[in-house]
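I have placed the structure first, in the form of structure tokens, so that the comments after it can refer back to it.
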Amino acid sequence: MPFEVYTGARPGRPLLTLVVCAALLAGTLALAWWQVQAASALGPLQQVGDLPLRVQPPKGWIADPRDPAAFVLPVRDEGWRSVALPFERRIRFEFEKLPRFLTVDELLRHSQLTDPHAQQMARPASIGPYPGFETRRLEPFRIGRSNLFRETIIRMACLPRGYLITVVYDPLIDLRPADIQILDDVCKTLVIDDRSLADDPENYLAEAGFEFPLEDNWTIVWSDFAEVPGIYVGGTVDGWPAWSIGLFRTWCANDRTPEDLLVDFAAEFWLIDDALDQIARSSGRAGATVYAMSHPSGQDADTAYVLAYVIQQASPPATAILVGCADPDTIDAVSSVAARIATNLRLTPTALLPPLEIAEQSGRTLVAELATRGATPRWGSSRVNLTFRGRTSRGAVTYRSSREPRGRNASRGYEGVEILESTRQRERAEWSLGPRAQSYEHTEDFFVGSERVRIVERRAGPQTDIVRMVAIEDRGEHRVTFKPSPLFVAPPVEFVVEGWVAAGEPRYAIVEYSTRFGPATNSVLLRTLPPIDRHPRVLIQQDFWPLGVIQTFERSTGELLEVVGPAHHISRPPR
């Protein structure tokens, strides 16, 4: 027969069950989120080794005792990891000066990240406020008898001036989603302790004497040397760092014209000796005249410098030169930006340029003294052999220079040999100089890229023309003949007038040097800089691309001690 059982239980409440499950799920997710945030929480701002960088590493991470430019998460003292692994996670920073701004494709080749996996994984990413890109690299390693692979994240940002910041995140074993967040959080905190790279762009423009509208997403840094009035502007295309523009104050002295500057630039960097017909002229802001030139090969140009402008302003009188750097895919972008800057640019007074009329007169005085006394008062009658070592865009180099009086008699002039050796190339120059530093012969054998170049230049006397022969491998040779101006300094004795200005005799001067590939000479501004360890220094700038080079002379002997440029640094080893 049927019967009933009474359990005392009440009917189910589905809504309450759903609420309880949702609360438990939310609590679990909140706990997981808190654990991830706690694991990736950042500590205080710390210096990165001896680099001019500061970052906030995650809490619990320490400076790597084997590498001061890295921070590591130590391995827990338990299990096999504590025996087999040196650390759980590592983040490493690099900061190097490149010869110029490199595009993404160039950076991938520079860092040997050209495998298809790295290129396929590349994406736009930032380091601090600087746009860059991120990619990944598979690296083999061993634990015991096991061959394993780990995936390393590499993030790079190349500043418009050529400084490269690299961040390498090494998980050692497995790459987790939390690692990507940690890397991103740390990169956002990066600070560069260098005023020339991290100041307000408006301060840069005011100091250099530039006025033009700034656009969003531009990166602006100062020139390579504090004393050189100029800036670099960098920008992106679709989020990728794509181009760089150098904008510098320059001058037109001794009847030099803006066209002369562009012709010399095309000859030096493009090896083009007939660029005059390719220069276009237009109007700029406040009555300025804009002279523009693009590489004639366009997107097929085998050079990073794809365009150049000279802006000459009548009131107040001033001149600036602008050069654009890009790859073939971003020429249109950099051309558009360069045209806007050149058209809207207004030049204002800057304290970083000396009075040009006085500098030109000082140059005439120096050249006249050189023609009267020759190089003997500075060089004497002894044989000199100097050796320099350092780095250039070609890597490690050794530079040797020897000089001696002709026939052991300084009254007859001097002769010398200069040799520059790198890993793959050897360049040589020979010269002879007459007694009054007016007659000379100068022969150079060097490389432009992989092309061998030979230049022979000679002058028979003070009133004669200069004859120059330029032979470029696979391009034939050409000759030019020209009469130099009263500011001309012969190729072997530039160091003499530079040494005088370094010593403050005078403090600044404008002279003229031979232009290697150009039709004649270019204007050079020399300025005294404060000494270092009592050794005199001089800043040397060419008018057609005035980035600047700083030379230091030995105080006791007056001989060259060190040469520092945007892409090179050589010096004499300590005795």
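Residue numbers (my numbering): 76 to 650.
Glycine included, every Cβ here is placed at the ideal spot set by N, Cα and C.
Since the structure is predicted, the reported quantities are computational estimates derived from the model, not experimental observations.
For S456, the three-state secondary structure derived from DSSP is coil. Pairwise C-beta distances place the stretch 281-294 out of contact with the stretch 403-411, as fewer than three of them are shorter than 8 Å. Judged by DSSP in its simplified three-state form, H644 adopts strand. Counting along the chain, the unbroken beta strand (DSSP E) around E502 starts and ends at R501 to L508. For a cut-off of 8 Å, the C-beta gap from L239 to E171 is around 5 Å, short enough to register as a contact.
Note that the C-beta distance between Q256 and P333 is not below 9 Å. Secondary structure of A342 (DSSP, three-state): helix. With a cutoff of 9 Å on beta-carbon distance, P621 and L600 are scored as near each other.
When C-alpha distances from P215 are compared across F208, E226 and F287, the shortest belongs to E226.
Within the stretch 230-295, the complete beta strand (DSSP E) segments of 3 residues or longer fall at 238-245, listed in chain order. Counting other Cβ atoms within 10 Å of its Cβ, F146 reaches 16 or more and is therefore classed as buried.
With a cut-off of 8 Å on Cβ pairs, the stretch 588-596 is in contact with the stretch 334-354, counting three or more such pairs. Looking at S369, P391 and T394, the one whose alpha-carbon comes closest to that of A383 is S369. With at least 16 other beta carbons inside 10 angstroms of its own, A200 counts as buried. Per DSSP, D540 is not a residue of any alpha helix (DSSP H), being assigned neither H nor E. In the structure shown, H370 adopts coil according to DSSP, grouped into three states. Nearest neighbour of M196 by Cα position, chosen from L213, A317 and H185, turns out to be L213.
In this structure L428 is buried. Its beta-carbon is surrounded by 16 or more other beta-carbon atoms within 10 angstroms. Between the C-alpha atoms of H517 and P566 there is a straight-line separation of about 7 Å. Within the same chain, Cβ atoms closer than 6 Å to the Cβ of V639 are found at I625, the five residues on either side in sequence being excluded.
Bounds of the beta strand (DSSP E) holding G310 are G305 to V312. If you draw a straight line from the Cα of E209 to the Cα of P174, it is about 22 Å long. Note on geometry: alpha-carbon atoms of P480 and D269 lie some 46 Å from one another. The three-state reading of DSSP puts V150 in coil, since its state is none of H, G, I, E or B. Assignment of W575 by DSSP, reduced to helix, strand and coil, places it in the helix class. Here A417 has G359, V365, A367, Y384, I386 and L397 as same chain residues with Cβ atoms under 8 Å from its own Cβ, once five neighbours each way along the sequence are excluded. Sixteen is the threshold: since fewer than 16 other Cβ atoms of the shown chains lie within 10 Å of the Cβ of P392, the residue is exposed. The C-beta of R478 has 16 or more other C-beta atoms within 10 Å across all chains shown, which makes the residue buried. Here Q626 carries a strand assignment [DSSP, helix/strand/coil].
In the displayed model, T447 falls within a helix according to three-state DSSP. For E169, the closest alpha carbon among the candidates P140, R230 and L188 is that of R230.
Taking a cut-off of 8 Å on C-beta distances, the stretch 545-552 does not touch the stretch 309-324, as fewer than three cross pairs fall below it. An exposed status is given to N460, since fewer than 16 other beta-carbon atoms sit within 10 Å of its beta-carbon.
In chain order, I386 and Q388 place their CB closer than 6 Å to the CB of A363, counting only its own chain and leaving out the 5 sequence neighbours on each side.
Residue range V179 to H185 is occupied by the alpha helix (DSSP H) that includes E181.
In terms of Cβ geometry, Y489 and A450 form a close pair [threshold 9 Å].
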